[in-house]
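*Asks:* Structure incoming, see below.
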Amino acid sequence: MPFPAKGIRLPRPSPEIDSRIAALEIAIQRIYSSEATKAYRSNLTPSEQRGIAKLLRSKDRLRYTVGDKCGSFVVMPKSMDKIITNNVLSDSTTYCETTMTAFTKACSEVKKVITTVVKPRLGTIVAKQLLDSHPMIPTFYSLVKTHKLPLSSDLIAMPPDSIKTRPIISSCGGPSDRLSWLLVKVLSPLLQFVGAHIVNVESFLASLSHCQIPSTAYYASFDVTSLYTNVNNDSAVDAVISLYQQHQSQIQNMGFDANDIRVMLRATLNCNIFCFNERIYEQKRGLAMGNRIAPLLAIIFMDHIERIRLLQNRCRIFGPRTLE
Numbered sequence: 001m002p003f004p005a006k007g008i009r010l011p012r013p014s015p016e017i018d019s020r021i022a023a024l025e026i027a028i029q030r031i032y033s034s035e036a037t038k039a040y041r042s043n044l045t046p047s048e049q050r051g052i053a054k055l056l057r058s059k060d061r062l063r064y065t066v067g068d069k070c071g072s073f074v075v076m077p078k079s080m081d082k083i084i085t086n087n088v089l090s091d092s093t094t095y096c097e098t099t100m101t102a103f104t105k106a107c108s109e110v111k112k113v114i115t116t117v118v119k120p121r122l123g124t125i126v127a128k129q130l131l132d133s134h135p136m137i138p139t140f141y142s143l144v145k146t147h148k149l150p151l152s153s154d155l156i157a158m159p160p161d162s163i164k165t166r167p168i169i170s171s172c173g174g175p176s177d178r179l180s181w182l183l184v185k186v187l188s189p190l191l192q193f194v195g196a197h198i199v200n201v202e203s204f205l206a207s208l209s210h211c212q213i214p215s216t217a218y219y220a221s222f223d224v225t226s227l228y229t230n231v232n233n234d235s236a237v238d239a240v241i242s243l244y245q246q247h248q249s250q251i252q253n254m255g256f257d258a259n260d261i262r263v264m265l266r267a268t269l270n271c272n273i274f275c276f277n278e279r280i281y282e283q284k285r286g287l288a289m290g291n292r293i294a295p296l297l298a299i300i301f302m303d304h305i306e307r308i309r310l311l312q313n314r315c316r317i318f319g320p321r322t323l324e
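Note that full-length UniProt numbering numbers the sequence shown so that position 122 is 122, with each residue one more than the last.
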């Protein structure tokens, strides 16, 4: 499990490994000593050095982060970041303020599910590893969609309300993080039964090369606006349960039946409380990006809709789907 252990276990002595580590330490020290005697040479131009010095002097007033795509690097004033994020949180149809009492209640529900559902199936040791005695309140942050910034715009003068962002609720260390990890382990094999799911670039290109496209066919691309927050959670859970029941015998289900999965999913999705700027909020609808199980739910939910709506007319020849 990718979570901190309850205690520290010292490994058994291994003379061979110990000697190799000692040799590596000596080699690193030699390299360090050799480089320390050489004159420092910067690979930055004088203009770049002045720019970095200016950024360092302003580091307490700036927020450094990555962009939503393309690995871009974003630097903005913290005051602007707060304005942008508060604009997002002002959507009363999606977010609302809540209390610490609600967070404590959500934590208790997750612990109850681990004790009553996971423990009987996987045992006491696994249940203890999934229980987090001191979970952190998830935090909210925004990733700037740099690919949607106008190329001709002056970024310095751009008003905050014109900057599009992707809202993320960082659930690492949160109350449902470990339970959602378990759900991903159990439910990920179901993706092999989702025909339009893109596993990787290689499989997509292979599928495309075998697709016979007639000359009368048309190419079309569709985008779902704010998919995650517009997902109906109950419908998404129902779609997952339906797919799980169809293929339960074909995957390693760890002994969980459909009702167990439903209970664990609901507890995870209901734990959608987070903090920003020392205030506590709740996401009222949709999936929270940052929850481990959210992408899988969105994929299966979209597959369910497509099977009902898009495939009835049987006009689609090849239709892969990707979720961001």
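All residues carry an ideal CB built from backbone N, CA and C; glycine is no exception. Since the structure is predicted, the reported quantities are computational estimates derived from the model, not experimental observations.
Measure the CB-CB distance between Leu191 and Ile293 and report whether it falls below 9 Å.
*Replies:* In the sequence shown, the residue the question calls residue 191 occupies position 191. In the sequence shown, the residue the question calls residue 293 occupies position 293. No, these two residues do not count as a Cβ contact at 9 Å.
*Asks:* I'd like the list of long-range same chain contacts for Arg63, defined as Cβ closer than 6 Å, with 5 residues on each side in sequence excluded.
*Replies:* Numbered from its first residue, the sequence shown carries residue 63 at position 63. The answer, listed in chain order, is Met76, Lys78 and Asp81.
*Asks:* So is Cys271 buried or exposed if we call it buried at 16+ other beta carbons inside 10 Å?
*Replies:* The residue you call residue 271 lines up with position 271 of the sequence shown. So Cys271 counts as buried.
*Asks:* What does the alpha-carbon distance come out to for the pair Arg309 and Val194?
*Replies:* Working through the sequence shown from its first residue, we reach residue 309 at position 309. Working through the sequence shown from its first residue, we reach residue 194 at position 194. Spanning the two alpha carbons is a distance of roughly 15 Å.
*Asks:* Among Lys38, Leu151, Thr65 and Ala288, which residue has its Cα nearest to the Cα of Gly174?
*Replies:* Within the sequence shown, the letter at position 174 stands for residue 174. Answer by Cα proximity: Ala288.
*Asks:* Given that a residue counts as buried once 16 or more other Cβ atoms are within 10 Å of its Cβ, and exposed if not, what is Arg178?
*Replies:* Position 178 of the sequence shown, counted from the first residue, corresponds to residue 178. By the neighbour-count rule (16 or more Cβ atoms within 10 Å), Arg178 is buried.
*Asks:* Could you check if Pro46 is buried or exposed, using at least 16 other CB atoms within 10 Å of its CB as the buried criterion?
*Replies:* Here residue 46 refers to the residue found at position 46 when the sequence shown is read from its first residue. Classification for Pro46: exposed.
*Asks:* Are Asn87 and Asp154 close, meaning C-beta to C-beta below 9 Å?
*Replies:* On the sequence shown, position 87 is the one that residue 87 refers to. On the sequence shown, position 154 is the one that residue 154 refers to. Contact: no.
*Asks:* Would you list the residues sitting across from Asn291 in a DSSP beta bridge?
*Replies:* Translated into positions along the sequence shown, residue 291 becomes position 291. In the DSSP output, where bridge partners are listed per residue, Asn291 has Met289.
*Asks:* To the nearest angstrom, how far is it from the Cα of Leu265 to the Cα of Phe276?
*Replies:* Against the sequence shown, residue 265 aligns to sequence position 265. Against the sequence shown, residue 276 aligns to sequence position 276. So the two alpha carbons sit approximately 25 Å from each other.
*Asks:* Give the range of the beta strand (DSSP E) segment to which Thr165 is assigned.
*Replies:* In the sequence shown, residue 165 corresponds to position 165, counting from 1. From DSSP, the beta strand (DSSP E) with Thr165 extends over Thr165 to Ser170.
*Asks:* With the cut-off set at 9 Å, would you say Lys145 and Lys164 are in Cβ contact?
*Replies:* For the purposes of this step, residue 145 is taken as residue 145 along the sequence shown, with counting starting at 1. For the purposes of this step, residue 164 is taken as residue 164 along the sequence shown, with counting starting at 1. For Lys145 and Lys164, yes; Cβs fall inside 9 Å.
*Asks:* In angstroms with no decimal places, state the Cα-to-Cα distance between Pro13 and Ala23.
*Replies:* Translated into the one-based positions of the sequence shown, residue 13 becomes position 13. Translated into the one-based positions of the sequence shown, residue 23 becomes position 23. Each residue's Cα considered, the two are about 16 Å apart.
*Asks:* Among Ser133, Val117 and Phe140, which has the Cα closest to the Cα of Leu89?
*Replies:* Counted from its first residue, the sequence shown places residue 89 at position 89. For the residues Ser133, Val117 and Phe140, the minimum Cα distance to Leu89 belongs to Phe140.
*Asks:* Under 9 Å between the Cβ atoms of Ile280 and Thr98?
*Replies:* What you label residue 280 is simply residue 280 of the sequence shown in a count that begins at 1. What you label residue 98 is simply residue 98 of the sequence shown in a count that begins at 1. Going by C-beta atoms, Ile280 is nearer than 9 Å to Thr98.
*Asks:* Using a Cβ-Cβ cut-off of 8 Å (strictly less than) and excluding sequence neighbours within five positions of Cys70, which residues of its own chain qualify?
*Replies:* Here residue 70 corresponds to residue number 70 of the sequence shown, with the count starting at 1. Thr146 and His147, listed in sequence order.
*Asks:* Would the segment 253-267 count as touching the segment 115-133 if we require 3 or more Cβ pairs under 8 Å?
*Replies:* Counting Cβ pairs under 8 Å, three or more are found: they touch.
*Asks:* Could you tell me the alpha carbon to alpha carbon distance between Ile137 and Ser171, rounded to whole angstroms?
*Replies:* For the purposes of this step, residue 137 is taken as residue 137 along the sequence shown, with counting starting at 1. For the purposes of this step, residue 171 is taken as residue 171 along the sequence shown, with counting starting at 1. Ile137 and Ser171: Cα-Cα distance of roughly 8 Å.
*Asks:* Considering residue 329, what are the terminal residues of the beta strand (DSSP E) in which it resides?
*Replies:* The structure shown has nothing for residue 329, since the chain only spans 1 to 324.
*Asks:* Residue range of the beta strand (DSSP E) that Leu187 falls in?
*Replies:* For this step, residue 187 is matched to residue 187 along the sequence shown. Segment Asp177 to Leu187 is the alpha helix (DSSP H) holding Leu187; no beta strand (DSSP E) there.
*Asks:* Locate the beta strand (DSSP E) running through Thr65, then write down its first and last residues.
*Replies:* Within the sequence shown, the letter at position 65 stands for residue 65. Run containing Thr65: Leu62 to Val66, per the beta strand (DSSP E) assignment.
*Asks:* At which residues does the alpha helix (DSSP H) containing Cys96 begin and terminate?
*Replies:* What you label residue 96 is simply residue 96 of the sequence shown in a count that begins at 1. No alpha helix (DSSP H) holds Cys96; the beta strand (DSSP E) holding it covers Tyr95 to Glu97.
*Asks:* For the candidate residues Ser19, Trp181 and Ser42, whose alpha-carbon lies nearest to that of Gly290?
*Replies:* Counting from 1 along the sequence shown, the entry for residue 290 is found at position 290. Checking every option, the nearest Cα to that of Gly290 belongs to Trp181.
*Asks:* Around the C-beta of Ser142, are 16 or more other C-beta atoms found within 10 angstroms, so that it is buried, or is it exposed?
*Replies:* Taking the first residue of the sequence shown as 1, we reach residue 142 at position 142. Buried, because 16 or more other Cβ atoms sit within 10 Å of the Cβ of Ser142.
*Asks:* Can you list, in chain order, the residues of its chain whose CB lies under 7 Å from that of Asn253, leaving out five sequence neighbours each side?
*Replies:* As a working mapping, residue 253 is identified with position 253 in the sequence shown. These residues qualify, in order along the chain: Val186.
*Asks:* Consult DSSP for residue 325 and reduce its assignment to one of helix, strand or coil.
*Replies:* The shown model of the chain, from 1 to 324, leaves out residue 325, and the question about it has no answer.
*Asks:* Which same chain residues end up closer than 7 Å to Pro135 when comparing Cβ atoms and leaving out the 5 residues on each side of it in sequence?
*Replies:* Translated into positions along the sequence shown, residue 135 becomes position 135. Cys107, Gly173, Gly174 and Pro175, listed in sequence order.
*Asks:* Alpha carbons only, please: which of Asp223, Leu227, Tyr228 and Phe256 is nearest the one belonging to Ile241?
*Replies:* For the purposes of this step, residue 241 is identified with residue 241 of the sequence shown, where counting begins at 1. Ranking the options by Cα distance to Ile241, first place goes to Phe256.
*Asks:* Return the first residue and the last residue of the beta strand (DSSP E) that Met1 is part of.
*Replies:* Position 1 of the sequence shown holds residue 1. Met1 -> no beta strand (DSSP E), and no H or E assigned at all.
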